[in-house]
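Participant: According to my numbering, the sequence shown holds residues 5 to 161 in order. Each residue gets a CB set at the ideal place from its N, CA and C atoms; glycine is no exception.
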Amino acid sequence: MLLSVTSALIAPSAIAAGLSTARGSLRVEGPDDALVVRLTHAYYVSGPDRFDETKTVRSIVFTADDQAAAIDACPDMRCAMLSSSDGLQIEIGDNGTVDWWAHVAPVQYSSSAGGDALKLSVDSAERVAGTFKLSGSGASTAVEFDAALARDFSKPE
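1) Go through its chain and collect everything with a Cβ distance to Arg-131's Cβ below 6 Å, but skip five positions before and after it.
2) For Ser-24, which residues from the same chain have a beta carbon less than 8 Å from its beta carbon, with the 5 sequence-adjacent residues on both sides left out?
3) Measure the Cβ-Cβ separation of Leu-39 and Val-32 and say whether it is below 7 Å.
4) Please state the DSSP three-state secondary structure of Asp-150.
5) How is Asp-156 classed by DSSP in three states: helix, strand or coil?
6) Any chance you could list the beta strand (DSSP E) runs of at least 3 consecutive residues sitting entirely within the stretch 71 to 139, in chain order?
7) Can you give me the Cβ contacts of Ser-116 inside the same chain, cut-off strictly under 6 Å, excluding the 5 residues immediately before and after it?
8) For Glu-57, which of helix, strand or coil comes out of DSSP?
As structure tokens, this is what we get:
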């Protein structure tokens, strides 16, 4: 009974974020040497597309630091995207492509990946799990993840 009452008091997004994990690393070409960050957190978010609000965008944000509180406090989806943390964000496209953004201070890279870069073993509105591998365009990564929906920005809080 205590677990039920306690669980009811915690925001669903906080519970979901706590159940999400990532294992891997991100490497970007820096000004002098390669910069590497270990990815340990994965946050699955969805919300309206910034160019066409009739469409829904699904993204996974990978970070080294815990960003659950920051994402939970965001007023919109744009705020949840790597604004102040080193890491990687991928946007899962409907057409099989994955747009990605990598940031390890002071360097940023972005591009699109297709084909075999993203392999999902679970793909639902509530959870995504699988692997993302990338090599080229200034960045490389191999990350395994299991992420419950941390936040749906199309639904009012």
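Facilitator: According to the structure shown:
1) Excluding residues within five positions, the ones whose Cβ falls inside 6 Å are Ala-152.
2) His-45, Ala-46, Tyr-47, Tyr-48, Phe-149, Asp-150, Ala-151, Ala-152 and Ala-154
3) Cβ atoms of Leu-39 and Val-32: closer than 7 Å.
4) strand
5) strand
6) Runs of the beta strand (DSSP E) lying entirely within the stretch 71 to 139, each at least 3 residues long, are 91 to 96, 102 to 108, 111 to 117 and 122 to 127 in chain order.
7) Thr-101 and Asp-103
8) coil
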